[in-house]
């Protein structure tokens, strides 16, 4: 506990509103809604951790090592997630035809259905947000966040 501060029922993030906390709350709410939407569509076994695969996989498939690098995680962790998705029938894992040492993760038909549902649910939720704050503000928010993302990418 910091000196001269009393115990309270608020978190550090609530007490000291940072840019991170302002970005995190909408993300967390949208994430819950997206995964609830996936469950309602019959994909209840997909978890937020799987987004590291779905977010970065290429249409023709991706190497585990490339997915891990893009997701900023270890190859072992990505291989675990890919293996879990393979067990669930959403991807296949095969040797990379250009490098037999590498493993290629490829979406199955069911995996493509999840990917399509993720995109559709995300756009639907963005539309719901625009309906609440207004289309003009939503467009401004997108522009500002895009500009910020580009500015801090260095």
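Numbering (our numbering), first residue to last: 77 to 230.
No residue lacks a Cβ here, since even glycine has one placed at the ideal position from N, Cα and C.
- Note on the stretch 164-206: whole beta strand (DSSP E) runs with a minimum of 3 residues are 167-172, 175-183, in chain order.
- Inclusion of residue 129 and residue 143 in the CB contact set at 8 Å is warranted, their separation being smaller than that value.
- About 30 Å separates the beta carbons of residue 182 and residue 222, which is beyond the 8 Å limit, so they are not a contact pair.
- Note that the stretch 147-155 does not touch the stretch 109-124; fewer than 3 beta-carbon pairs, one per stretch, sit closer than 8 Å.
- The straight-line gap separating the alpha-carbon atoms of residue 206 and residue 214 is approximately 5 Å.
- Per the coordinates, the alpha-carbon of residue 209 lies some 15 Å from the alpha-carbon of residue 220.
- Using a C-beta cut-off of 8 Å, the stretch 159-169 makes contact with the stretch 182-193, since at least three inter-stretch Cβ pairs fall below that distance.
- Short of 8 Å from the beta carbon of residue 198, and not among the five residues preceding or following it, lie these beta carbons of its own chain, in chain order: 106, 110.
- For residue 228, the enclosing alpha helix (DSSP H) starts and ends at 211-228.
- Here the alpha carbons of residue 169 and residue 224 stand approximately 36 Å from one another.
- When the five nearest sequence neighbours on each side are left out, the beta carbons in the same chain lying within less than 7 Å of the beta carbon of residue 146 are those of 132, in order along the chain.
- Residue 139 sits in a strand when the DSSP states are folded into three classes.
- In this structure, 166 is the residue among 139, 166, 229, 226 with its C-alpha nearest to the C-alpha of residue 192.
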